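What follows is a set of notes on a single structure, which appears directly below.
2 protein chains.
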Amino acid sequence: MKSFLSLKSVDEVLSLLENFAPLAEESVPLDECAGRYLARDFAAPEDLPGFDRSTVDGYAVRARDVFGAQEGSPALLECVGDCPMGRAPDIRLQEGQTARILTGGMLPEGADSVVMVEYSRPAGDNLVELVRSQAPGDHVLEHDEDAAAGKVLLPAGRRLRPQEIGLLAALGQVRVPVTARPRVAILSTGDEVVPFEEKPLPGQVRDVNSHSLAALCRSAGAEVRMAGLMRDDVEGLRKTVREMLDFADVVLLSGGSSAGMRDHTVDIFLSMPESELLVHGAAISPGKPFILARSGRICLMGLPGHVSSALVCARAFLLPLLCRLQGGRPGIASGVPAVLSRSVASAQGRRDFIRVRLSRTEQGWTADPVTAPSGLISGLVEADALVVCPENSEGLYAGQEVFAELLI
Amino acid sequence: MKSFLSLKSVDEVLSLLENFAPLAEESVPLDECAGRYLARDFAAPEDLPGFDRSTVDGYAVRARDVFGAQEGSPALLECVGDCPMGRAPDIRLQEGQTARILTGGMLPEGADSVVMVEYSRPAGDNLVELVRSQAPGDHVLEHDEDAAAGKVLLPAGRRLRPQEIGLLAALGQVRVPVTARPRVAILSTGDEVVPFEEKPLPGQVRDVNSHSLAALCRSAGAEVRMAGLMRDDVEGLRKTVREMLDFADVVLLSGGSSAGMRDHTVDIFLSMPESELLVHGAAISPGKPFILARSGRICLMGLPGHVSSALVCARAFLLPLLCRLQGGRPGIASGVPAVLSRSVASAQGRRDFIRVRLSRTEQGWTADPVTAPSGLISGLVEADALVVCPENSEGLYAGQEVFAELLI
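Line by line, the protein sequences are chains A and B.
Residue numbers for the first sequence follow the working numbering, so the first one is 1 and each next one is one higher.
Residue numbers for the second sequence follow the working numbering, so the first one is 409 and each next one is one higher.
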């Protein structure tokens with residue numbers, strides 16, 4: 001059991017997430033795999049498309065038979081039939097012969113290219129004039145051009161987008177080995193917090209963090225169990241966290257915004273089996289009171305009580321963790337380039353995430369910092385994006401070009 | 409019944425999507441609303457937080473009692489008790505009095521600001537020295553500062569992100585009026601196409617489009633019904649499309665890549681009740697054979713057979729349609745600025761979507777165009793993003809700065 005009392009930098013926290021290993025693999029029906037992460041390299045079990053295939057409507061030919069053909073000097077070929085769709089054609093082209101073929105059709109034996117129908121004209125009986133010279137392979141998808149048997153097409157850890165689902169379908173993968181969804185147990189704490197279905201009395205507020213954090217976790221592929229609400233009662237909390245270990249890969253505690261309760265959170269985490277404190281405070285704003293610990297392979301995370309802080313902090317640390325637990329690599333931060341509308345001060349040595357509204361001008365995007373304090377949820381609702389002010393900076397200035405990472 | 413035979417521009421197609429009205433609203437439990445679109449304006453039913461609330465741990469005061477206080481000249485106040493968490497304090501501050509309060513606690517009557525605990529020191533008995541001058545409202549979240557009763561906080565059409573879920577929880581919205589999910593019926597056609605569970609014979613390929621399009625639709629909030637596979641048989645197709653109208657808000661037909669089958673698709677769409685052809689060919693690459701029609705309020709869409717073309721075309725037209733059917737407005741295209749690694753030719757008057765791989769250099773992102781033909785699915789699997797080459801351009805050149813929209 002080690003304890004760290006100084007603030008960890010964002011990069012240090014991210015590298016400490018490597019304490020947590022990817023979860024086990026499971027086999028899932030293909031149509032339920034979108035957004036999941038591939039658990040193993042996927043190699044083509046066979047050639048794709050598996051046969052030489054026309055990419056146009058036209059005439060299958062031997063390229064040498066149309067060599068030099070052009071409008072004024074057509075090649076005259078004998079059309080010996082139609083290539084059927086969905087079957088191997090019962091045709092073998094001899095010198096001077098051609099066969100009609102549709103897009104997607106299988107080339108007949110002997111053919112090596114296709115002349116588009118636009119470059120053909122009938123010439124009586126079974127004859128056809130082709131007015132385009134063709135190289136072997138033109139307008140043909142070769143039998144292993146999309147994928148050759150044995151080639152690794154998708155690496156382990158690849159997030160499955162619609163196109164990956166398509167590729168797996170093309171190769172007949174009815175079930176796919178993906179990494180299990182992380183199970184996240186979420187607990188809100190605070191003597192003033194009541195369930196969101198209740199009408200709060202004076203001095204009480206409804207539970208916000210459980211619901212917003214659950215939505216964020218689900219968007220990242222996690223299964224969520226709402227562990228409910230706890231008063232700031234150390235022994236009760238300890239018991240509840242202990243029970244959550246049986247279900248969860250990640251235990252999320254939010255709340256405890258007072259300094260005393262934050263210390264209790266650390267004590268509670270450290271009283272779990274095989275526990276280790278990894279982070280007690282991060283050089284991030286908002287989100288400084290962030291706590292990261294582990295109990296064996298299970299991640300224990302303490303988020304700030306203020307909802308805006310909790311959400312920004314969760315985006316910075318929890319989303320990368322959920323990606324890692326699913327065997328993924330961090331994705332590309334996606335957003336828009338923008339010009340900052342006014343200056344924002346920061347402190348050196350701390351990474352600030354500045355909430356901005358985006359508006360479109362003729363010159364491009366303008367990013368307008370949201371001023372609401374982090375205790376207000378309306379401030380984060382107004383924000384379209386986050387702008388990072390890095391550790392080596394004392395702030396960002398009006399007119400500066402920044403990258404605004406979209407909050408989607 | 410009108411018919412258009414010329415290619416429509418991408419913007420014309422997008423404006424024709426306005427033929428389709430947002431779907432009905434439904435009431436959904438809050439925790440299932442993430443990613444859905446709000447069906448009506450949401451106004452605060454009550455003040456939020458509902459009471460004046462401390463944002464720090466410290467001492468609740470009347471600002472005038474600590475006016476001018478500083479390290480060398482503290483204000484000496486009588487501490488009359490603790491403000492409890494989660495209840496209205498049974499305290500009314502008189503001149504010269506203070507009360508201990510924690511973050512999130514309700515201010516006692518008479519108090520208008522809070523001095524942070526860091527600026528206090530005990531002075532014997534019930535006395536405390538405060539060494540910080542404070543303005544009224546300092547370290548206080550006022551009762552209606554997050555939201556005043558009656559104020560519209562979220563406009564109809566807003567997509568609900570984790571923060572909107574939080575705001576709705578804060579205001580006790582157990583169920584939320586959102587726009588219904590679009591029901592999309594997907595049909596793949598082609599005599600050469602077999603279900604993906606089957607081993608294709610020579611000349612056959614597995615159905616790819618149904619699965620990749622279904623994944624794309626689901627990611628945009630749609631409910632998908634796989635209507636299966638049809639041979640290129642006009643009467644059978646007509647009957648199936650007719651049946652799909654009973655279930656669907658959108659009928660998606662993909663395949664029919666041969667010119668003849670594309671014409672059949674138009675005929676089939678036009679034989680539906682109250683039909684109108686809106687688009688027969690779009691000035692887009694890939695995706696030129698795109699077909700858009702309607703049967704009453706139902707959208708009929710024909711996508712190209714090549715999977716890469718179908719997916720790019722679906723991103724361009726189907727995703728905006730699904731957003732519109734849910735009452736949403738188009739979101740901000742999200743990606744990264746990048747430098748193109750090599751030149752790409754295009755045709756004036758057409759919008760090209762160029763698939764690119766992204767790689768990171770010290771200068772930023774490089775976008776490397778993927779060369780694979782659109783009949784290959786591997787080309788789209790390799791791509792991280794799309795770069796648009798606009799209608800008024802004959803191409804993009806190596807070294808040009810572009811915006812690469814991520815394929816997520």
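Beta carbons: idealized from backbone N, C-alpha and C, even for Gly.
The structure presented is a predicted model; accordingly, all values stated were derived computationally and were not measured.
Going straight from the alpha carbon of residue 701 of chain B to that of residue 684 of chain B, what length do you get?
Cα-Cα distance, rounded: 6 angstroms.
C-beta neighbour in chain B for residue 253 of chain A, strict 8 angstroms
The beta-carbon of residue 253 of chain A is placed no less than 8 angstroms from the nearest beta-carbon of chain B.
Which of the three DSSP states is assigned to residue 407 of chain B in this structure?
For residue 407 of chain B there is no data in the structure shown, the boundaries of chain B being 409 and 816.
Could you tell me whether any Cβ in chain B is nearer than 8 angstroms to the Cβ of residue 85 of chain A?
True, the Cβ-Cβ gap to chain B drops below 8 angstroms.
Can you grab the Cα-Cα spacing for the pair residue 9 of chain A / residue 587 of chain B, in whole Å?
Roughly 42 angstroms separates the two Cα atoms.
Inter-residue Cα distance where the pair is residue 541 of chain B and residue 576 of chain B:
So the alpha carbons of these two residues sit roughly 37 angstroms apart.
Residue-level contact to chain B via CB, residue 287 of chain A, 8 angstroms cutoff:
Output row for residue 287 of chain A: interface = no.
is_contact[residue 785 of chain B, chain A] using C-beta, thresh 8 angstroms
Interface criterion met: the Cβ of residue 785 of chain B is under 8 angstroms from a Cβ in chain A.
Taking the beta strand (DSSP E) that residue 487 of chain B belongs to, which residues open and close that run?
Note, residue 487 of chain B: beta strand (DSSP E), 483-490.
In whole angstroms, what separates the C-alpha of residue 574 of chain B from that of residue 312 of chain A?
Using only the alpha carbons, I get a separation of about 13 angstroms.
Classification of residue 394 of chain A by the beta-carbon crowding that lies within 10 angstroms, buried from 16 upward
Around the beta carbon of residue 394 of chain A, fewer than 16 other beta carbons sit within 10 angstroms, so the residue counts as exposed.
Contacting positions in the stretch 179-211 of chain A - beta carbon closer than 9 angstroms to chain B
Flagged, chain order: 190, 191, 192, 193, 194, 196, 197, 198, 199, 200, 201, 202, 203, 204, 205, 206, 207, 208, 209, 210, 211.
Is the shortest distance between the beta-carbon of residue 524 of chain B and the beta-carbons of chain A less than 8 angstroms?
False, the Cβ-Cβ gap to chain A never drops below 8 angstroms.
What number of angstroms, rounded off, separates the C-alpha of residue 793 of chain B from the C-alpha of residue 628 of chain B?
Cα-Cα distance, rounded: 18 angstroms.
How would you label residue 617 of chain B, buried or exposed, when you count the other beta carbons within 10 angstroms and need 16 or more for buried?
Residue environment: residue 617 of chain B is assigned as buried (16 or more neighbouring CB atoms within 10 Å of its CB, all protein chains considered).
Look up residue 585 of chain B in the DSSP assignment and give the residues it is bridged to.
Beta-bridge partners assigned by DSSP to residue 585 of chain B: B:435.
State the CB to CB distance for the pair residue 521 of chain B and residue 548 of chain B, rounded to an integer number of angstroms; the pair is presumed to be in contact (CB under 8 angstroms).
The pair is a contact, with the Cβ atoms about 6 angstroms apart (cut-off 8 angstroms).
What does the alpha-carbon distance come out to for the pair residue 149 of chain A and residue 638 of chain B?
Using only the alpha carbons, I get a separation of about 28 angstroms.
Please tell me whether residue 709 of chain B has its Cβ less than 8 angstroms away from any Cβ of chain A.
With 8 angstroms as the cut-off, residue 709 of chain B does not count as an interface residue toward chain A.
Using 8 angstroms as the Cβ pair cut-off and three pairs as the minimum, do the stretch 318-335 of chain A and the stretch 154-161 of chain A touch?
The stretch 318-335 of chain A is in contact with the stretch 154-161 of chain A.
Rounded distance between the beta-carbons of residue 742 of chain B and residue 813 of chain B, thought under 8 angstroms:
Confirmed, Cβ separation roughly 7 angstroms.
Residue range of the alpha helix (DSSP H) that residue 166 of chain A falls in?
Here the alpha helix (DSSP H) through residue 166 of chain A covers 162-170.
Buried or exposed for residue 582 of chain B, please, with buried defined as at least 16 other CB atoms from any protein chain shown within 10 angstroms of its CB.
Residue 582 of chain B should be labelled exposed.
Classify residue 409 of chain A as buried or exposed, calling it buried when 16 or more other Cβ atoms lie within 10 Å of its own Cβ.
Outside the shown range of chain A, which is 1 to 408, sits residue 409 of chain A, and nothing can be said about it.
Can you check the stretch 196-272 of chain A for any beta strand (DSSP E) of at least 3 residues that lies completely inside it and give the ranges in chain order?
You should have 223-230, 250-254.
Shortest alpha-carbon distance to residue 797 of chain B belongs to which of B:784, B:815, B:756?
For the residues B:784, B:815, B:756, the minimum Cα distance to residue 797 of chain B belongs to B:756.
So, does the CB of residue 807 of chain B fall closer than 8 angstroms to a CB anywhere in chain A?
Judged by the 8 angstroms Cβ criterion, residue 807 of chain B is not in contact with chain A.
Cα-Cα, which of B:505, B:555, B:534, B:419 is closest to residue 459 of chain B?
Taking residue 459 of chain B as reference, the option from B:505, B:555, B:534, B:419 with the minimal CA-CA separation is B:555.
Does DSSP put residue 685 of chain B in a helix, a strand or coil?
Under the three-state reduction of DSSP, residue 685 of chain B is assigned to strand.
Going straight from the alpha carbon of residue 317 of chain A to that of residue 336 of chain A, what length do you get?
Here the alpha carbons of residue 336 of chain A and residue 317 of chain A stand approximately 22 angstroms from one another.
Three-state secondary structure (DSSP) of residue 391 of chain A:
In the structure shown, residue 391 of chain A adopts coil according to DSSP, grouped into three states.
Opposite residue 699 of chain B in the DSSP bridges: which residues?
Answer is B:688, B:710, bridged to residue 699 of chain B.
Per DSSP, what kind of secondary structure is residue 364 of chain A in: helix, strand or coil?
Residue 364 of chain A: strand per DSSP, three-state reduction.
Since residue 730 of chain B and residue 590 of chain B should fall inside the 8 angstroms C-beta cutoff, what is the C-beta to C-beta distance between them, to a whole number of angstroms?
Cβ-Cβ separation between residue 730 of chain B and residue 590 of chain B: approximately 5 angstroms, consistent with a contact (criterion under 8 angstroms).
Flag residue 396 of chain A as yes if its beta-carbon sits less than 8 angstroms from any beta-carbon of chain B, otherwise no.
Chain B, which has no Cβ nearer than 8 angstroms to the Cβ of residue 396 of chain A, makes this no.
One question on the structure: do residue 469 of chain B and residue 506 of chain B come within less than 8 angstroms of each other, judged by their Cβ atoms?
Yes, Cβ-Cβ distance for residue 469 of chain B and residue 506 of chain B is below 8 angstroms.
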